[in-house]
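K.L.:
Have a look at the structure that comes next, please.
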Amino acid sequence: MNGSFLLTLIWAVPFLTALVSLPVDRDDHRRIKKISLAGNLINLLLVIGLTFAFISTSSEHPAAAGAKLSHFHFTGKTVWLQMLNIEYNIGVDAISVLMMLLTAIVIFCGVLASWNVEKQAKEFFVLLNVLVAGVYGVFISLDLFTFFVFYEIAVLPMYLLIGLWGTGRKEYSAMKLTLMLVAGSAFILAGILGLYFESGMNSFDLQKLAQATFSPEFQYWAFPLIFLGFGVLGAIFPFHTWSPDGHASAPTAVSMLHAGVLMKLGGYGCLRVGMYLLPEGANMWMSFFLVLVTINVLYGAFGAIKQTDLKYITAYSSVSHCGMVLFGFTALTFAGIKGGVLQMISHGLMTALFFCLIGMIYGRTHTRTVSEMGGLMKVMPFLSVAYVIVGLAGLGLPGLSGFVAEANVFVGAFANPAPLYRFCTVLAVLSIVVTAVYVLRAVNGLVNGPISDHYKTLTDASLIEKIPVTILLFCLFAMGILPGWIVELVNGAVHPIYNNLMR
Amino acid sequence: MADFILFNSYLILLFPLFSFAIIGLGHINSDNKFVAKFAIAMSSLSLGYALLTTLAYLSQPKHTLLAYDAAWLNFAPGLTANLGMYLDPISVMMLVVVTVISLLVNIYSVGYMKGDRSFNRFFALLALFSFSMLGLVTSGNILQMFVFWELVGVSSYSLIGFWYEKPSAVAASKKAFIVTRFADAFFLLGILLVSFYSQTFSFQELNSPSTALLLKDAGVLTLGTLLIFAGGWGKSAMFPLHVWLPDAMEGPTPVSSIIHSATMVVAGVYLTARMFPLFAASETTLFVIQCIGAFTALFAAVIAITQMDIKRILAFSTLSQLGYMIFSLGAAKVCADGGGHHGADVNPLGFSAAMYHVFTHAFFKCMLFLGAGAVIHAVHSNDILKMGGLKQLMPKTYWSLLAACLAIAGVFPLSGFWSKDAILLAALQSGHTVTFLVGLITGGLTAFYMFRFFFLIFHGEARSHLHHVHEDPWMTWPIVALTVPTIFAGLLEHSFVAQVLPPHLGETGHFAHPAWLPWLATLVAMTGIGCAWLLYGEGKTEKAAALQKAFGPVHTVVQNKFYVDEVYLFITHKIIFNCVAAPIKWFDRNVVDGTMNLCGWLLQVGGKGVRLVQNGELHLYLGATVVGLIVLLFLGK
Chain G
2 MNGSFLLTLI WAVPFLTALV SLPVDRDDHR RIKKISLAGN LINLLLVIGL
52 TFAFISTSSE HPAAAGAKLS HFHFTGKTVW LQMLNIEYNI GVDAISVLMM
102 LLTAIVIFCG VLASWNVEKQ AKEFFVLLNV LVAGVYGVFI SLDLFTFFVF
152 YEIAVLPMYL LIGLWGTGRK EYSAMKLTLM LVAGSAFILA GILGLYFESG
202 MNSFDLQKLA QATFSPEFQY WAFPLIFLGF GVLGAIFPFH TWSPDGHASA
252 PTAVSMLHAG VLMKLGGYGC LRVGMYLLPE GANMWMSFFL VLVTINVLYG
302 AFGAIKQTDL KYITAYSSVS HCGMVLFGFT ALTFAGIKGG VLQMISHGLM
352 TALFFCLIGM IYGRTHTRTV SEMGGLMKVM PFLSVAYVIV GLAGLGLPGL
402 SGFVAEANVF VGAFANPAPL YRFCTVLAVL SIVVTAVYVL RAVNGLVNGP
452 ISDHYKTLTD ASLIEKIPVT ILLFCLFAMG ILPGWIVELV NGAVHPIYNN
502 LMR
Chain B
6 MADFILFNSY LILLFPLFSF AIIGLGHINS DNKFVAKFAI AMSSLSLGYA
56 LLTTLAYLSQ PKHTLLAYDA AWLNFAPGLT ANLGMYLDPI SVMMLVVVTV
106 ISLLVNIYSV GYMKGDRSFN RFFALLALFS FSMLGLVTSG NILQMFVFWE
156 LVGVSSYSLI GFWYEKPSAV AASKKAFIVT RFADAFFLLG ILLVSFYSQT
206 FSFQELNSPS TALLLKDAGV LTLGTLLIFA GGWGKSAMFP LHVWLPDAME
256 GPTPVSSIIH SATMVVAGVY LTARMFPLFA ASETTLFVIQ CIGAFTALFA
306 AVIAITQMDI KRILAFSTLS QLGYMIFSLG AAKVCADGGG HHGADVNPLG
356 FSAAMYHVFT HAFFKCMLFL GAGAVIHAVH SNDILKMGGL KQLMPKTYWS
406 LLAACLAIAG VFPLSGFWSK DAILLAALQS GHTVTFLVGL ITGGLTAFYM
456 FRFFFLIFHG EARSHLHHVH EDPWMTWPIV ALTVPTIFAG LLEHSFVAQV
506 LPPHLGETGH FAHPAWLPWL ATLVAMTGIG CAWLLYGEGK TEKAAALQKA
556 FGPVHTVVQN KFYVDEVYLF ITHKIIFNCV AAPIKWFDRN VVDGTMNLCG
606 WLLQVGGKGV RLVQNGELHL YLGATVVGLI VLLFLGK
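One line per chain: the protein sequences are G and B, in this order.
The first sequence begins at 2 in this note's numbering and counts up by one.
The second sequence begins at 6 in this note's numbering and counts up by one.
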């Protein structure tokens, strides 16, 4: 099969899934869910196929350390709007392939985890699939305009998904989330337009822009626009507050997808658009952003200690962990950037599992307050053990994915010898203690201790619930125990970005 | 043949890992008998292969070899962490110790955990621990060691909190994990620092003289080694990070025996020994190690005298013995009459002595814990005041524990005598008289508190109503088996001193062995035992109670462990939780998020303001247009 056709197919399948479920009778929830599951299963297989194809292609034509173009594979180009020079221009490097793989896994698990959504199931799954199509679109776009269009397709359905199917103060949360992200988008759009005109080529083509030389003055003002704009989605301090409220209000699958994949679009954009195209801007601004993301890492961790709601704990831990993604990027070293990418994958898997489990536990106990629970290990050993394991992944236990990512981030950050970097690295490393504190407080409050009487009759996970949990657990272990192939892939994709930064 | 065995030495680790996977994934609800048999079979295989490896290792000439090595995690071009099997005298010694004790504890646990509803989970976690510990001791590079270091930590965490419905056990497991994690953060920083300058993780390269020189030139040698040692500081529970170990006694007793006395807690000692050539390049580091070890040895021994909980006495005793090992390592290089060319000022006796004490202590302390477990099983209490008179009821345990107590007290010719003698000699030769005296006095205290423990449990009359006291054969035979190394490990003294040496430190130092030292040590030990006999020999507590009264507040302070735990509680809860975490939570909700809400509110208000004007009334629009026109006309002038 033609590579670029496969890429198009991957974002088209969720769209088609959404279209196919439109004519289905709105009360026939089972069929809608099945269609959605089937669509996402096909896509999961397609993405796995893509990954294998990518591995074999990239090993045939290894990206030379100095080359700037060869690391995108399966490229394809069609003119879209000729007068503005906008193209439908696609292609993938290792980072996008891995992010697509992450997306496929998370959404497949997410569909299974929302098997018991009963309220307006049709609209729910249609919106979910549209959103996913947007996410895939972002990862394959090599044209900044298309990129931006897909980005908006991915962000906007969130408003409805939270506002309609959420819990608690859902309208407020949905509004806050959408407004903050759209404000971020405005920055991004300004930045992209700047790139378009400043390059002197009137082009949105990422690969062409990467070769253009932008004046330092332009880079100086455009870089923070783009980095902050995407950073909002990556929960950069102080624009992270949409995350706790948004995640707490969102339904399970939406939390999974949002924290697992959408927040990664932020990091992905920072890297792909910000740092890749504006290397001098990155060098000028990184100390500033380093301080911000160090605050992220520590502040999120300390913030999580005193939270009582499971979703808020996870949301603040996401703030801390996503801070670690950007922390790796801001280190401006090879291992640091790679660590940031690995942390995106690791955090995606981990936090999807966190929200998946919280949803299942909440479905049984009808509370998310830690102090009201306890001793769940006795009645739901499967869910409890899974929660303990994902907690351990969160605190960076070797053998699980978190350690691989964090070790790279730390080694990378330490490799930057500037005193400020050293200082921030020390703080970031010490944050692993704080992480241990909030993770163990939650774990102990939830699964350990004596169980109260009205929870004694609760049941463990059903088969359909065990599938997503098992898949995600498997991925956490696989990445933690055998990180070799992922690291190799990411190495290939980081070289061009790193070389651009260092030139 | 030998090469083949050595190359496949990773099998020693894979047997327990397999056991963990099979029991944990497939047989968590199966028949207990099958699980017990399977676990014991796997640890026997692991022991068997460890012995084969030892023989193969001894049959070849190399001092250190990397029997197996494969790339695991690539960081940056030129910096890759491998997974390997590193064999040298200390790792081979630890392989034997861990597998022997693991097998015995597995057998013992069949009796101890009988009837527990989580019997199978226990054996799965025990296997996970054995795997992690074996991985730790055979690590070929520092990052691999950190990986297994964390894994033993998490096995320890899950076994301390094994009885998860018991709040005290859950709290203890959390405390153990967080305190050691705190130390591990510094360990990680140390790894980052050292690997950044040396561009390697491998022990062989880190221990080479050129790396020490490189780090010294960069000015980070002392800082780096101290940071790495911080990991051991927490894991081996040196003051003031010792607080987690006594609480860890909340776990089942077999766990305390294997993890919290014989193997995991010596990981800090092992780490120091593993990186000894690098540590030894900095005199400051060695001095700190020596001081902290000596202080902990004395500090913990003093507390042990006043404790009433059978397992906590042993826990403080473990702390004190770990202190011995640590200060012995610290005493290794520094030599009073040193000087001259490189190598002449090196005295590896402290190193060998520490490793020897790791070896002997593992067996007798493991046995003490297993014995304590048997007693607890019989009496259903941890309080030694509720025991007494168990000599007749548990004769096998009595005689075995007598051997262990004599050994730890350092009585000739049991194993503890030899290893302590070597340590005292090393301290004496280092020229630090204070350390030597601390070692000597602690020896006396050790003899005293161990026999206080022994007499109160076994002698005199029963102090509470006991029924159905019997010795379970599953539990008794491992205890009896441990008497063999406890009594006879002294025979290995010569081979330890001659062969268990750090790399690059050359030949055995030539040292004088003052003839008075063994006599003095024995005299001190006998004094300790004598005092214990006078106070508790008949299994009564009256005399001690009178003495206790005489000491008054001093006794209270010591019995409360010098209130170190209270200081921690104050720092964590009052300062970190209430003065950092809670304000951050408030700040985030009210200031950061408040600002965002304010922006939203301003937009809304602004929108409403604009709406007042855009109200669809034409005369207003017309008026505004006219006013605007006039203004423009004036401006145009």
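Cβ coordinates follow ideal geometry from the N, Cα and C atoms, glycine included.
Please classify G/Ile-237: does DSSP put it in a helix, a strand, or coil?
P.N.:
Taking the first sequence and counting its residues from 1, the one referred to as residue 237 of chain G is at position 236. Residue state, collapsed to three classes: coil.
K.L.:
Short check: CB of B/Gly-378 to CB of B/Tyr-169, under 9 Å?
P.N.:
Indexing the second sequence from 1 puts residue 378 of chain B at position 373. Indexing the second sequence from 1 puts residue 169 of chain B at position 164. The answer is no: Cβ separation not under 9 Å.
K.L.:
In angstroms, rounded to a whole number, what distance separates the CA positions of B/Ile-311 and B/Gly-449?
P.N.:
What you label residue 311 of chain B is simply residue 306 of the second sequence in a count that begins at 1. What you label residue 449 of chain B is simply residue 444 of the second sequence in a count that begins at 1. Looking at the sequence provided, one finds Thr at residue 311 of chain B rather than Ile. About 15 Å.
K.L.:
With distances taken Cα to Cα, identify the nearest neighbour of B/Ala-75 among B/Thr-69, B/Ala-337 and B/Ala-86.
P.N.:
Start at 1 with the first residue of the second sequence, and residue 75 of chain B comes out as number 70. The candidate whose alpha carbon is nearest that of B/Ala-75 is B/Ala-86.
K.L.:
For chain G, is any of its Cβ atoms less than 9 Å away from the one on B/Val-248?
P.N.:
Residue 248 of chain B sits at position 243 when you count from the first residue of the second sequence. False, the Cβ-Cβ gap to chain G never drops below 9 Å.
K.L.:
Could you check if G/Arg-504 is buried or exposed, using at least 16 other CB atoms within 10 Å of its CB as the buried criterion?
P.N.:
To locate residue 504 of chain G, count along the first sequence from 1; it is residue 503. G/Arg-504 should be labelled exposed.
K.L.:
Could you spell out where the alpha helix (DSSP H) holding B/His-247 opens and where it closes?
P.N.:
Taking the first residue of the second sequence as 1, we reach residue 247 of chain B at position 242. Careful: B/His-247 lies outside any alpha helix (DSSP H) and carries neither H nor E.
K.L.:
Cα separation between B/Ser-469 and B/Gly-544?
P.N.:
To locate residue 469 of chain B, count along the second sequence from 1; it is residue 464. To locate residue 544 of chain B, count along the second sequence from 1; it is residue 539. Roughly 13 Å between the two C-alpha positions.
K.L.:
Below 8 Å, how does it come out for the region 257-272 of chain G and the region 226-243 of chain G: are there three or more Cβ pairs, yes or no?
P.N.:
Taking 8 Å as the limit for Cβ pairs, the verdict is that the region 226-243 of chain G does touch the region 257-272 of chain G.
K.L.:
What residues in the region 432-459 of chain B have a beta carbon less than 8 Å from any beta carbon of chain G?
P.N.:
Listed by position along the chain: nothing, the set is empty.
K.L.:
If G/Leu-377 sits next to G/Val-448, beta carbons under 8 Å apart, how far is it from one beta carbon to the other, in whole angstroms?
P.N.:
Here residue 377 of chain G is taken as the residue at index 376 of the first sequence, counted from 1. Here residue 448 of chain G is taken as the residue at index 447 of the first sequence, counted from 1. Their Cβ separation, rounded to whole angstroms, is 5 Å, which keeps G/Leu-377 and G/Val-448 in contact under 8 Å.
K.L.:
Under 6 Å Cβ to Cβ from B/Gly-328, same chain only, skipping five residues before and after it: list those, please.
P.N.:
Within the second sequence, the letter at position 323 stands for residue 328 of chain B. Excluding sequence neighbours, B/Gly-328 sits near Gly-298, Thr-301 and Ala-302.
K.L.:
With DSSP run on the structure shown, which of helix, strand or coil describes G/Gly-4?
P.N.:
The residue you call residue 4 of chain G lines up with position 3 of the first sequence. It is helical.
K.L.:
Examine chain G for any beta-carbon lying closer than 9 Å to the beta-carbon of B/Trp-77, and answer yes or no.
P.N.:
As a position in the second sequence, residue 77 of chain B is number 72, starting the count at 1. So yes, B/Trp-77 belongs to the interface.
K.L.:
If you run the structure through DSSP and keep just helix, strand and coil, what is B/His-346?
P.N.:
Indexing the second sequence from 1 puts residue 346 of chain B at position 341. With a pLDDT of only 39 at B/His-346, under 50, the local geometry of the prediction cannot be trusted, and the value read off the model is given with reservation. B/His-346: coil per DSSP, three-state reduction.
K.L.:
Alpha carbon to alpha carbon, what distance is there between B/His-464 and B/Ala-526?
P.N.:
Position 521 of the second sequence holds residue 526 of chain B. Position 459 of the second sequence holds residue 464 of chain B. Approximately 26 Å between the Cα atoms of the pair.
K.L.:
Helix, strand or coil for G/Glu-88, going by three-state DSSP, please let me know.
P.N.:
What you label residue 88 of chain G is simply residue 87 of the first sequence in a count that begins at 1. It is a strand residue.
K.L.:
If you draw a straight line from the C-alpha of B/Glu-699 to the C-alpha of B/Ile-484, how long is it?
P.N.:
Any answer about residue 699 of chain B is impossible in this case: the structure gives chain B only from 6 up to 642.
K.L.:
Closer than 8 Å by beta-carbon distance: list the chain B residues that pair up with G/Thr-242, in chain order.
P.N.:
On the first sequence, position 241 is the one that residue 242 of chain G refers to. Within chain B, the residues near G/Thr-242 are Asp-593, Val-597, Asp-598 and Met-601.
K.L.:
Using 10 angstroms around the beta-carbon of B/Met-480, count the other beta-carbons present and answer buried if the total reaches 16, otherwise exposed.
P.N.:
By one-based count along the second sequence, residue 480 of chain B stands at place 475. Burial call: buried.
K.L.:
Does the region 330-337 of chain B come into contact with the region 381-398 of chain B, if we say contact requires no fewer than three beta-carbon pairs (one atom in each stretch) closer than 8 Å?
P.N.:
Segments in contact, no.
K.L.:
Please go through the same chain and pick out, in chain order, the residues whose beta-carbon is closer than 6 Å to the beta-carbon of G/Phe-219, but skip the five residues on each side of it.
P.N.:
For the purposes of this step, residue 219 of chain G is identified with residue 218 of the first sequence, where counting begins at 1. The residues are Glu-199.
K.L.:
Suppose only complete runs of 4+ residues qualify. What are the alpha helix (DSSP H) ranges in the region 406-484 of chain B, listed by chain order?
P.N.:
Runs of the alpha helix (DSSP H) inside the region 406-484 of chain B: 420-435 and 438-463.
K.L.:
Considering only residues of the same chain and omitting the five flanking positions on each side of B/Phe-12, which have a CB-CB separation below 7 Å?
P.N.:
In the second sequence, residue 12 of chain B corresponds to position 7, counting from 1. Result list for B/Phe-12: Ala-72 and Tyr-73, in chain order.
K.L.:
In this structure, how does DSSP classify G/Val-93 when only helix, strand and coil are distinguished?
P.N.:
Here residue 93 of chain G refers to the residue found at position 92 of the first sequence. Strand at G/Val-93.
K.L.:
Taking all protein chains shown into account, do 16 or more other C-beta atoms lie within 10 angstroms of the C-beta of G/Ala-66, making it buried, or fewer, making it exposed?
P.N.:
Against the first sequence, residue 66 of chain G aligns to sequence position 65. With a pLDDT of only 44 at G/Ala-66, under the threshold of 50, the placement of this residue in the model should not be trusted, and no figure is reported.
K.L.:
Does chain C have any CB closer than 9 Å to the CB of G/Glu-489?
P.N.:
The structure shown contains no chain C; its protein chains are G and B.
K.L.:
I need the straight-line Cα distance from G/Glu-373 to G/Tyr-363, nearest angstrom please.
P.N.:
Indexing the first sequence from 1 puts residue 373 of chain G at position 372. Indexing the first sequence from 1 puts residue 363 of chain G at position 362. Using only the alpha carbons, I get a separation of about 12 Å.
K.L.:
List the residues that DSSP assigns as beta-bridge partners of B/Ala-86.
P.N.:
As a first step, residue 86 of chain B is located in the second sequence; it is residue number 81 there, counting from the start. Bridge partners of B/Ala-86: B/Leu-78.
K.L.:
Note down, in chain order, each residue of its chain lying with its Cβ closer than 8 Å to the Cβ of B/Ser-203, except the 5 sequence neighbours on either side.
P.N.:
As a working mapping, residue 203 of chain B is identified with position 198 in the second sequence. The residues are Glu-210, Leu-211, Thr-216, Leu-219 and Leu-220.
K.L.:
Against G/Phe-1, what residues of chain B qualify as contacts under a CB-to-CB distance less than 9 Å, listed in chain order?
P.N.:
The displayed coordinates of chain G run from 2 to 504. Any statement about residue 1 of chain G would go beyond what the structure contains.
K.L.:
Any Cβ of chain B within less than 9 Å of the Cβ of G/Val-590?
P.N.:
This structure cannot speak to residue 590 of chain G, because chain G is shown only from 2 to 504.
K.L.:
What in chain B is Cβ-close to G/Gln-308, meaning under 8 Å?
P.N.:
For this step, residue 308 of chain G is matched to residue 307 along the first sequence. Near G/Gln-308 (Cβ distances below 8 Å), the residues of chain B are Lys-590.
K.L.:
Residues of chain G with CB closer than 8 Å to the CB of B/Pro-21, please, in chain order.
P.N.:
Here the question's residue 21 of chain B lines up with position 16 in the second sequence. Within 8 Å Cβ-Cβ: nothing; B/Pro-21 doesn't reach chain G, min ~15 Å.
K.L.:
Any residues in the region 140-154 of chain B with a beta carbon nearer than 8 Å to a beta carbon of chain G? Which ones, in chain order?
P.N.:
Cβ contacts with chain G: Leu-148, Phe-151, Val-152 and Phe-153.
K.L.:
For the pair the region 273-283 of chain B and the region 240-260 of chain B, tell me if three or more CB-CB distances fall below 8 Å.
P.N.:
Contact holds: three or more Cβ-Cβ distances are below 8 Å.
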